[in-house]
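In UniProt numbering, the protein residues as written are 1 to 536. What follows is one structure encoded as structure tokens, with my remarks underneath.
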């Protein structure tokens, strides 16, 4: 047979919804409050949104931004936007107006879908949006005033529920751009391909044992790495999504019981709040699989979750690798270990995901470090589950892929059994409640205040959020300002979760060349803690 005549299907998550429209047409796909959508209805709404976008002028490659919570429109966008030929940009709902404006202008978004509860974040920046031509309001709660523009449900009516033809011709085309803070302080747009999203989704299904009977609860924001690609994975297997607008521990436990939730994903800080909630059961009545990342869970946390009867899966990754890239894979010969020893092994970052082609821990010369559990090196990755690059930033892309491997900036050891364990972080990223915060970005904000001479921001331990920013500030001579006044100044310019929780006025330790010695500041703050890192 002529190989040119062999049909090769593109690897894209669009095939998932196409299949389920036939296989699971009458099965419940989405549960949200009192609403339930079947896969047939879900697919029809996706087609309406996709054709509506095209009707409104979307051209192939146009960026479509969604600024909303974990509601059905956000889930629909993950299929409709690429189906229309666009690129999805899901924006962190916790960002400040200027941060949102930067992302919208940097990606060149043509369409902006906004939950009306977030409209007040858009209003002050609306005149500065350089490329947005269409604003569509998602009026999920009636009490919030919409922006000038169309209503989401009305916008769907401009489209057609009939199948929409694809326009993608290459599986390496960009399906989404996810913005993450980098060491430069400016957010960088991480580009995911259709192929990468497809392969990662299948990896999530296998590693977390999703089945068509699975009921997945959205405790993880869909804006974060496209919900670790579970937006596509749960759909691929024909599971049921339970959308959750806001996280509330008591409500989560209620949903777990009422709807028979089988899977959820969350950062350790969320799991701690669930375990400490008064409605937490002493023992679960039905199986529950919890996948956690964003900060390494402590062995104590893993043990407590195991005690209530839940299965916990610890994964590690970055926005640049579609979220999870490694997993603390459980081994049968750990069965006879006591729960504390077992938890210590599961707390390691682990081995590559199914679908993750390459994982190494290397020294400065790109040589593999010994697998002795002691020698530290940088974690580098390669393959289908690594971003195609940073949007509009060739220099940062080249720097990240030096030597042909993506450099994580995280320091780890390789254990004799092939499992990696993160020990420190090369880049000064603070991970608070699972969200990345650039220390440089916070420092740049502080430097904008006329009273600040010098400053340094580091992560300090926090019992609930894992770690939080703390600033060390040297004031200009003869100037006075209080800790709370400076924190309030930060709140006026950057998102609240990025702001320092504490500020210490002091002279900063420096090297002979004038470089601030952050490690000395960290050493003082982390006394008594086993690790000087909560996340990777």
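C-beta atoms are modelled at their ideal positions from N, C-alpha and C, and glycine is treated no differently.
Any non-hydrogen atom of the ligand FAD within 7 Å of residue i CB
| i | result |
| --- | --- |
| residue 153 | Ligands displayed in this structure: none; no statement on the ligand FAD is therefore possible. |
For residue j and residue i, the rounded distance between their alpha carbons
| i | j | result |
| --- | --- | --- |
| residue 242 | residue 322 | 22 Å |
| residue 388 | residue 352 | 19 Å |
| residue 183 | residue 457 | Because the pLDDT of residue 183 is 40, which lies under 50, any placement of that residue in the model is unreliable, and the question is left without a value. |
| residue 59 | residue 338 | 58 Å |
| residue 405 | residue 519 | 27 Å |
| residue 459 | residue 430 | 6 Å |
| residue 374 | residue 73 | 47 Å |
| residue 492 | residue 423 | 34 Å |
| residue 309 | residue 283 | 6 Å |
| residue 136 | residue 25 | 28 Å |
Proximal residues to residue i (C-beta, below 8 Å), its chain only, five neighbours per side dropped
| i | result |
| --- | --- |
| residue 189 | 89, 103, 106, 107, 177, 178, 179, 390, 391, 392, 393 |
| residue 354 | 202, 203, 206, 207 |
| residue 524 | none |
| residue 100 | 67, 91, 121, 122, 125 |
Candidates the options, of which the one nearest residue i by Cα
| i | options | result |
| --- | --- | --- |
| residue 328 | 417, 203, 346, 319 | 346 |
| residue 358 | 336, 326, 281, 17 | 326 |
| residue 334 | 476, 116, 417 | 417 |
| residue 70 | 284, 246, 408 | 246 |
| residue 194 | 140, 86, 414 | 86 |
| residue 192 | 119, 68, 318, 138 | 318 |
| residue 360 | 95, 80, 381 | 381 |
| residue 567 | 267, 409, 38, 144 | An answer regarding residue 567 cannot be provided, because it is not within the stretch 1 to 536 covered by the chain. |
| residue 499 | 95, 57, 285 | 95 |
| residue 216 | 113, 264, 235 | 264 |
| residue 485 | 286, 62, 452 | 452 |
| residue 54 | 80, 75, 33 | 80 |
| residue 411 | 402, 376, 445 | 376 |
| residue 130 | 78, 82, 63, 162 | 63 |
| residue 148 | 438, 140, 119 | 119 |
| residue 270 | 528, 403, 47, 465 | 465 |
| residue 496 | 468, 383, 255, 164 | 468 |
| residue 36 | 402, 259, 142 | 259 |
| residue 517 | 481, 472, 490, 482 | 472 |
| residue 140 | 330, 254, 33, 397 | 33 |
Exposed unless 16 or more other CB atoms sit within 10 angstroms - verdict on residue i
| i | result |
| --- | --- |
| residue 488 | exposed |
| residue 132 | buried |
| residue 233 | buried |
| residue 540 | The question about residue 540 has no answer here: the residues shown for the chain are numbered 1 through 536. |
| residue 349 | buried |
| residue 115 | buried |
| residue 433 | buried |
| residue 221 | buried |
| residue 477 | exposed |
| residue 17 | buried |
| residue 214 | buried |
| residue 332 | exposed |
| residue 159 | buried |
| residue 436 | buried |
| residue 109 | buried |
| residue 379 | buried |
| residue 164 | buried |
Own chain partners of residue i with C-beta closer than 6 Å, once the 5 adjacent residues on each side are dropped
| i | result |
| --- | --- |
| residue 343 | 299, 302, 303 |
| residue 11 | 171, 195, 198 |
| residue 200 | 229, 322, 385 |
| residue 20 | 39, 238 |
| residue 84 | 50, 53, 54, 58 |
| residue 161 | 44, 47, 48 |
| residue 76 | 45, 46, 49 |
| residue 175 | 82, 192, 194, 197 |
C-beta contact flag for residue i and residue j at 8 Å
| i | j | result |
| --- | --- | --- |
| residue 503 | residue 442 | no |
| residue 42 | residue 31 | no |
| residue 576 | residue 97 | Residue 576 cannot be examined here, being either before or after the span of the chain that is shown, 1 to 536. |
| residue 506 | residue 474 | yes |
| residue 52 | residue 155 | yes |
| residue 288 | residue 262 | yes |
| residue 268 | residue 297 | yes |
is_contact[residue i, chain D] using C-beta, thresh 8 Å
| i | result |
| --- | --- |
| residue 378 | This model lacks chain D altogether; it includes just one protein chain. |
Other residues of its chain near residue i: CB distance less than 7 Å, five sequence neighbours each side excluded
| i | result |
| --- | --- |
| residue 340 | 299, 303 |
| residue 414 | 361, 369, 371, 420 |
| residue 291 | 208, 265, 313, 315 |
| residue 272 | 301, 464 |
| residue 529 | 461 |
| residue 128 | 101 |
| residue 231 | 75, 78, 222 |
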